[in-house]
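Student:
Protein chains: 2
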Amino acid sequence: MINYSVGTGDLKNWIVAETDFSADVLGKSEAIMMLGNGYMGLRSATEEPYIQEKRNLFINGTFNKSQENEVTELPNAADFTQLDIRVDGERFSLEFGETNEYIKQLNLKTAELTRSFVWESPKKKKLQFKFSRFVSLNNMHLIAMKVEVESLSHSVAISFDSGINGQMTNSGAQHFLEGERRILDERFIQLSQKTSESDVEMVFNTVHHFRFNGEPTLPVADKDMQRRKVWMAYEFYLEPNDKLEMEKLSTVHTSRDQVVEQNSMDFEQLRQLSIEELKQYEEKGYDVLFKEHVKAWHDQVWKNYNFKVESDHAFDQLALRFSLYHLTAMQPPSGYEHLGVGAKAMSGEGYKGHTFWDLEIFILPFFIYSNPTAAKSLLTYRYHGLAGARKKAEENGYAGAMYPWEMAWPEDGETTPIWGDIDIVTGAQSKIWSGFIEQHISADIAFAVYQYEQVTGDKEFMERCGYEMIFETAKFWSSRLEWNEERERYEIHNVIGPDEYKEHVSNNAFTNYMAYFNLKLAERYAEQLSAQNPQFLETFDLGDANLDWKTKAEKLYLPEPRTTDLIIPQDDTYLQLPEIDLAKYKNQSKVRMIYRDYNSEQINGIQVTKQADTLLLFYLLEQTFLQQDSRLSSAVKQENYQFYEPRTLHDSSLSLAVHAVIANDLGESDTAYSLFRKACEIDLGEQMNTSDDGIHAAAIGGIWTSAVFGFGGVRFSESTLQINPRLPKQWRRMQFAICWQGTALTLEITHQSLKVTAYDGAVTFETDGKTYHIQNGEIEIQIGREIEINSH
Amino acid sequence: MINYSVGTGDLKNWIVAETDFSADVLGKSEAIMMLGNGYMGLRSATEEPYIQEKRNLFINGTFNKSQENEVTELPNAADFTQLDIRVDGERFSLEFGETNEYIKQLNLKTAELTRSFVWESPKKKKLQFKFSRFVSLNNMHLIAMKVEVESLSHSVAISFDSGINGQMTNSGAQHFLEGERRILDERFIQLSQKTSESDVEMVFNTVHHFRFNGEPTLPVADKDMQRRKVWMAYEFYLEPNDKLEMEKLSTVHTSRDQVVEQNSMDFEQLRQLSIEELKQYEEKGYDVLFKEHVKAWHDQVWKNYNFKVESDHAFDQLALRFSLYHLTAMQPPSGYEHLGVGAKAMSGEGYKGHTFWDLEIFILPFFIYSNPTAAKSLLTYRYHGLAGARKKAEENGYAGAMYPWEMAWPEDGETTPIWGDIDIVTGAQSKIWSGFIEQHISADIAFAVYQYEQVTGDKEFMERCGYEMIFETAKFWSSRLEWNEERERYEIHNVIGPDEYKEHVSNNAFTNYMAYFNLKLAERYAEQLSAQNPQFLETFDLGDANLDWKTKAEKLYLPEPRTTDLIIPQDDTYLQLPEIDLAKYKNQSKVRMIYRDYNSEQINGIQVTKQADTLLLFYLLEQTFLQQDSRLSSAVKQENYQFYEPRTLHDSSLSLAVHAVIANDLGESDTAYSLFRKACEIDLGEQMNTSDDGIHAAAIGGIWTSAVFGFGGVRFSESTLQINPRLPKQWRRMQFAICWQGTALTLEITHQSLKVTAYDGAVTFETDGKTYHIQNGEIEIQIGREIEINSH
């Protein structure tokens, strides 16, 4: 049972808590309470093991292919977190004895996980336990743990078996060579391993530190060596009221660390230096290290993003903090430009740590507006991915850069698995087509580059990376288009659009429009450069490409709104498909319910949409130079929303936030708020199994998106900042910081007013059609549009 | 708690039982109750999972190297045995609720594992459970399981999640590619996988079959697909007294199967045929399949070996049956001449499934005397290993065949790991030297060939394999010897003898004498062939080798008994080492206790012996043409036994049986019996952790050895069968069958008499110095030697 109202006073809406333990539903708190700092992600499995646990530590970017016929994935690294605890010789587990005052909580403010309870052993001995843990934001290699035990009733023997366990796998797939184990000074344990195919060297260190009734003590450990594992066994005797404290400090370093690469440090040096570093950490101890970590969270996150929501539902403020917490935990550290963000971030094995379009469309907007440096790093990750994208284009007989549907280490190219689960009807494994024909990703990345450029004005990035990405993706589309002789137009056949319930469709509207945007964008950039910096443009050696983009774009078929009802057909066949009653499958507590009655092939033939598809066009393209296109007018948007919303099952976590923003745009505030809440509940809801494979990184970006782009009404429109807030009636006030073209802004929004404060710079923005300008100052604007406020 | 007195009536001394369940000590019953048929070995983990379980299925010979820097090992194959059972939605586990009438038992006679109990759930619902399981001896690909559940008190919901789980690893090492999953007819699950390096293709099939109150029922399953895993979920509702029965029949086939290799069947054919086969098994059902299996055990094992012991201690009879049970479970199937016997057979991951000298010296004697066909198969395994042995010799700069210390797939050559556990003193990993310098193995194999030839008279094997093995190992020794210019003799420096507490010693007596034996044996065989079949001899192209063997053997230093006390020095330095009080470490319930006070280097410098070393010479060589060598006289044997026994900690499971035989030879009956019991207790003792990594195959051979060679007094002596029984006072009678040069014999032994019956042939044997001859008949001989019998 997850509980969000545990925090009071200063901690109100800061605490994600679980107040009942059940060994049957471990996945939820493991995932949503995960700890991370972008360098690594640590799933919040309990210290004591349970049968159904999923214990994961992922080090970002350490991708490896475990076997020749599998795709590369983020390996589950050696574990530090498991402690085998015995009380009077019996295994400690909350499945035995009696547990009271149980609470497991993630404090979003301090990014600390704690778990405490009073446990009465089957032999009736009472103990107070408290476990604490954080993954440091300022010492990115550090995982700190603390255990506090007090005997409340009897004298009792307690033992901890703890160390480094390199027997971990990704559901059976082993990514590491056996490695070497060392013990230094009888206390510092080191496991050094190399990934089996990608040759990433990793060093895991740990040390234990004890205090007995506040006094440091150094017990002699029994040492247990197993394959890939070094384990220390410590035993203590507690009299009533004796307090025992164990600190376990651990570090991870890899040969892919920036500092290693920059100093061409060899692995043996890294091993030695990392032990020296750990010794320094040990001198400081958990509490001092924790203080530094809390300060980093305050300065870099809470003070910086300054996000406040006053809502009738306290949960909304917590959900926004939850979003910012996880967005920070998934943000690659400064300088780590080879790292992306996996679909589950680093909170589970789902999607193998691969980066999807989730990054550009659902996650990156937050960084573009709130942390442009981090956004640049993530776009540079895609820039490094050009090599793999070119390879994919070439392999498929196309030109330019065809971005992989799933991307891991940038040079790896396409990493989408080829085989999925068994088709229940045929009994054989089903083929995953996304890696072959879900191609809109290249245009999605182009959109993100454009959005970044428009919002930040960062010409340096454009010159170093951005233009090349746009030109290369345009070259791909140009080679990809298929000429329809009969209709005298270019078409795009055999794709999957965002709606993955429709495979092998032709002229998916989203894909065609986005390809068109990509081509036009390249054309515009080429023209701009031709005027401003022709010498630089020449370095791209475009030849006739520009002309080619222009011609092809003009002749590219963009499905028009039907004259009868303004509906843009999702693809060539969608509107001709039979309709069924979708009530059974929509707004259910579980997704993919339709699979209980239909298999993939059958779903392919029904007028049903998995997730925002055509509607995404409005959300994205109205921010661009295509905003004036009559095919994307407000009226068309309105009709298409009315048409597609009922047909969309939101069976992907990438869907709700987009519909929330559009509903809000269209004045459907209640629907927008309801969709926002549902988006929050993808991970924060009551369903205990939905996050088992990991959190939904895109949906977490979507929480911020629906708040800022939806209720906050922030959008860019061709280099102009638009702020057209429309708070839902449940909200009284929202406040947040964004960054526009280098100027830090704070926005404070109520139903009546918008206050914009600019720091260290100037900003021009439009509200309700009027333009405002401020410089190092603030402005408060009354919002014309009135909405009905219910009294409570 | 293991209990051997559960069997009564017909089942007396047939049942190995565990009558208390503890989730803390699972390893014991998992290992000693393992099921196997030589083709595969299935560790007897419980159906429901526990944190500390070790779930293993090994398919003999499917060796694979999981990573480049590891050695090849027997992979832990996909699991069929785990069942996730829920009662009213709660996970069933004996750690919860109340369990009564618990018994887990291996019936040695029927080779069936059963487990039954009455379980009261935490919600107070009472259920009767019975689990049964066997690995078929006549259908070697078949694993059959049955679950019977009866609701005793309330109506109750019960569900089984069951299928094939390919996420298994060897303590983290994954040996299989991901593979392909299929479901046929909605019921037959198939997982096909290939080992990652050795390319062994394997197909795992399973099917479930239900009966509800005796009536077949076919419930619809929820299917759960995970990585490497296909799982069916079946749910039932039981009213009080309703009985539910589930049969789960599973098969394993591999591309290394004889039938596949002989018919060059392709893998897809194998997949299809194996499903057809499983359908046939399903038609028969558990009970019919079980009857066939029991008949095979009766005919091939119990009737055939006909081993009976009348002892004051019923346990002794059970121990002998336990030995025969496991020897049968580890015996490669007929025609599988590429399979050896691992040090833990197929009951655990210990020693990676590798074959050591344990095979020749401790296990093979049983097969040579009891099942010569199986013995031939195992020696042929070593013959196939010549390729790897030649490679090892060449790599080390020697000639001929230098057998690997650890052997896996015959062609693989040396497979001893290079790095062992961390040295507690230095903190670094310690090097395992056996693969480099424990060299007596080549002579041990030569001895086994000789023993096989002497006992069976099988010339065909000798001509096809045996002579070549002897000549090749002799060539190795000849090239291995080091000339000591000063002493004008050949020596052997820098080896490990059987006593592995002494590394890097020179002139280890056992090694030097065995090398000498090997050279002399080659010389003899060459001379015999030269006389009998010179043409055949020429095919070996020996050149001057024969002369070389002769010269080298003559000049090889064989440590003499000291003139003062007749002690043969174990090696050049042993007798000069300081002595310490070994009482703390000898006859303790745990082995390797000396490591608590000393590290390896220190132990190397103390007059202490891990296991039978010099004494082994007497046990082995007195059976050979060296029996007249005065250096191995009875007096020398007596003195060396008195000297080395107190210095031998028996910290290896290969030690006790040898000392038992020698003690018996020397008339120390009580000691002999005590050593025999201790040998039995290596796996059957009260210590619950000693078999965690698997049973001790050599010690299990040793049980038979100490009974037959020790108490039974059976030994060969240069082509003559010797039978000089000396029963311990605890035994009244023993009876067993052996095979001498093609003639089947039954021996019945009491303190007063020896009765020998010969079937289908003739035999000449010596008892107490007299020679007897019988043909298709029996003879009863009074034993002259009287011993004191205590009355009870």
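Taken in order, these protein sequences are the chains called A and B.
Position 526 of the first sequence, counted from 1, bears residue number 538 in my numbering, the numbering being contiguous throughout.
Position 715 of the second sequence, counted from 1, bears residue number 727 in my numbering, the numbering being contiguous throughout.
The beta carbon of each residue, even a glycine, is placed where N, CA and C say it ideally should be.
#1: Under DSSP, the beta strand (DSSP E) around B/Ser491 begins and ends at which residues?
#2: Can you check DSSP and say which residues form a bridge with A/Asp173?
#3: Give a yes or no on whether the minimum CB-CB distance between A/Arg194 and chain B is below 8 Å.
#4: Nearest to A/Tyr114 by CA position, among A/Asp705, A/Ala29, A/Pro658, A/Glu65, is which residue?
#5: As a quick exercise: from A/Tyr249, A/Leu627, A/Ser612, A/Trp752, pick the residue whose alpha carbon is nearest that of A/Pro581.
#6: Within the 8 Å Cβ cut-off, does B/Ile801 reach chain A?
#7: Could you work out which residues of chain B lie near A/Val242, taking near to mean beta carbons separated by less than 8 Å?
#8: According to DSSP, is B/Trp309 helix, strand or coil?
#9: Please identify the residue among B/Ser359, B/Asn88, B/Ile195 whose C-alpha is closest to the C-alpha of B/Ala341.
#10: Round the Cβ separation of B/Lys690 and B/Asp663 to the nearest angstrom and send it over; I've been treating them as touching at under 8 Å.
#11: Between A/Gly754 and A/Ala770, which are expected to be in contact by the criterion C-beta below 8 Å, what is the C-beta distance as a whole number of angstroms?
#12: Which whole runs of the beta strand (DSSP E) in the segment 128–167 of chain A are 3 residues long or more, in chain order?
#13: Would you list, in sequence order, the uninterrupted alpha helix (DSSP H) runs of no fewer than 4 residues that lie entirely inside the segment 343–430 of chain A?
#14: Just checking: is the beta-carbon of B/Gly474 within a distance shorter than 8 Å of some beta-carbon in chain A?
#15: I want to verify the contact list: residues of chain B whose CB lies under 8 Å from the CB of A/Asn81, in sequence order.
#16: With DSSP collapsed to three states, give me the class of A/Leu633.
#17: Three or more beta-carbon pairs under 8 Å between the segment 206–220 of chain A and the segment 132–148 of chain A, yes or no?
#18: Could you check what DSSP says for B/Ser803 in three-state terms: helix, strand or coil?
#19: Hey, A/Ser718 and A/Gln635 are a contact pair by Cβ (cut 8 Å); roughly how many whole angstroms apart?
#20: Excluding the 5 residues preceding and the 5 following B/Asp856 in the sequence, name in chain order all residues of the same chain whose CB lies nearer than 7 Å to its CB.
#21: Provide the residue span of the alpha helix (DSSP H) that contains B/Thr523, from first to last.
#22: One question on the structure: do A/Ile761 and A/Met746 come within less than 8 Å of each other, judged by their Cβ atoms?
#23: Hey, A/Pro429 and A/Ile444: beta-carbon distance below 8 Å or not?
#24: State yes or no: is the C-beta of B/Asp772 within less than 8 Å of the C-beta of B/Ala756?
#25: Please decide whether A/Ser208 counts as near chain B, where near means a Cβ-Cβ distance under 8 Å.
#26: So B/Arg194 and A/Ile434 are in contact, right, with Cβ under 8 Å, and what is the actual spacing, rounded?
#27: State the CB to CB distance for the pair B/Gln467 and B/Tyr381, rounded to an integer number of angstroms; the pair is presumed to be in contact (CB under 8 Å).
#28: Can you say whether A/Tyr462 is buried or exposed, counting buried as having 16 or more other CB atoms within 10 angstroms of its CB?
#29: Compare the C-beta of B/Gln238 with all C-beta atoms of chain A and state if any pair is closer than 8 Å.
#30: Within 10 angstroms of the Cβ of A/Gly409, are there 16 or more other Cβ atoms? Answer buried if so, exposed if not.
#31: Which residues in the same chain as B/Glu800 place their Cβ atom closer than 8 Å to its Cβ, once the five residues preceding and following it in sequence are excluded?
#32: Kindly confirm or deny that the segment 521–538 of chain A and the segment 592–601 of chain A touch, where touching means at least three C-beta pairs closer than 8 Å.
#33: Tell me whether B/Met180 sits in a helix, a strand or coil according to DSSP, three-state version.
#34: Out of curiosity, what's the CA-to-CA distance linking A/Met13 and A/Lys142?
#35: Between B/Gly679 and chain A, is the shortest Cβ-Cβ distance under 8 Å, so that the two count as touching?
#36: Could you please give the first and the last residue of the uninterrupted beta strand (DSSP E) stretch that includes A/His671?
Tutor: On the basis of the supplied data:
#1: First-last for B/Ser491: 479–492, but that is the alpha helix (DSSP H), not the beta strand (DSSP E).
#2: As DSSP reads the structure, A/Asp173 sits in a beta bridge with A/Asp96, A/Ala245.
#3: Interface residue, yes.
#4: It is A/Ala29 whose Cα lies nearest to the Cα of A/Tyr114.
#5: When A/Tyr249, A/Leu627, A/Ser612, A/Trp752 are compared, the shortest CA-CA separation from A/Pro581 is found for A/Leu627.
#6: Caution is warranted here: a pLDDT of 42 is assigned to B/Ile801, below 50, making its placement in the model unreliable, and no coordinate value can be reported.
#7: Within chain B, the residues near A/Val242 are Ile434.
#8: Of the three classes helix, strand and coil, the one that applies to B/Trp309 here is helix, per DSSP.
#9: Looking at the Cα atoms, B/Ser359 is the closest of the given residues.
#10: Rounded, the Cβ-Cβ distance is 12 Å, inconsistent with contact.
#11: Contact between A/Gly754 and A/Ala770 is ruled out by a C-beta separation of about 11 Å, above the 8 Å threshold.
#12: Counting whole runs of 3 or more residues, the segment 128–167 of chain A contains the beta strand (DSSP E) stretches 138–147, 154–163.
#13: Taken in chain order, the complete alpha helix (DSSP H) segments of 4 or more residues contained in the segment 343–430 of chain A are 376–382, 384–396, 398–407.
#14: Before going on, a small fix: residue 474 of chain B reads as Met here, not Gly. No, no contact with chain A.
#15: For a Cβ distance threshold of 8 Å, residue set Leu189, Glu190 of chain B lies close to A/Asn81, ordered along the chain.
#16: Collapsing the DSSP output to three states places A/Leu633 in a helix.
#17: No, the segment 206–220 of chain A is not in contact with the segment 132–148 of chain A.
#18: With a pLDDT of 38 at B/Ser803, under the threshold of 50, the predicted position of this residue should be treated as unreliable, though the coordinate-derived value follows. Secondary structure at B/Ser803: coil, using DSSP grouped into helix, strand and coil.
#19: The pair is not a contact, with the Cβ atoms about 16 Å apart (cut-off 8 Å).
#20: Absent from the model: residue 856 of chain B. The displayed extent of chain B is 13 to 804, so no value can be given.
#21: From DSSP, the alpha helix (DSSP H) with B/Thr523 extends over 521–544.
#22: Taking 8 Å as the Cβ cut-off, A/Ile761 and A/Met746 qualify as a contacting pair.
#23: In this structure, A/Pro429 places its C-beta atom within 8 Å of the C-beta atom of A/Ile444.
#24: Between B/Asp772 and B/Ala756, the C-beta spacing is below 8 Å.
#25: Using a CB distance cut-off of 8 Å, A/Ser208 counts as an interface residue toward chain B.
#26: A/Ile434 and B/Arg194 do touch by the CB rule: their CB atoms are close to 7 Å apart, below 8 Å.
#27: The amino acid at residue 467 of chain B is misidentified as Gln; the sequence shows Val. So it is a contact: roughly 6 Å between Cβ atoms.
#28: Buried, because 16 or more other Cβ atoms sit within 10 Å of the Cβ of A/Tyr462.
#29: Judged by the 8 Å Cβ criterion, B/Gln238 is in contact with chain A.
#30: Residue burial annotation: A/Gly409 is exposed, with fewer than 16 other C-beta atoms found within 10 angstroms of its C-beta.
#31: Here B/Glu800 scores only 46 on pLDDT, less than 50, and its place in the model is too uncertain to base an answer on.
#32: Contact between the segment 521–538 of chain A and the segment 592–601 of chain A is absent, with fewer than three C-beta pairs closer than 8 Å.
#33: Looking at B/Met180 - three-state DSSP - the assignment turns out to be coil, as it is neither helix nor strand.
#34: Approximately 19 Å between the Cα atoms of the pair.
#35: No, B/Gly679 lies away from the interface with chain A (no Cβ there is under 8 Å from its Cβ).
#36: A/His671 -> not in any beta strand (DSSP E); alpha helix (DSSP H) instead, spanning 668–677.
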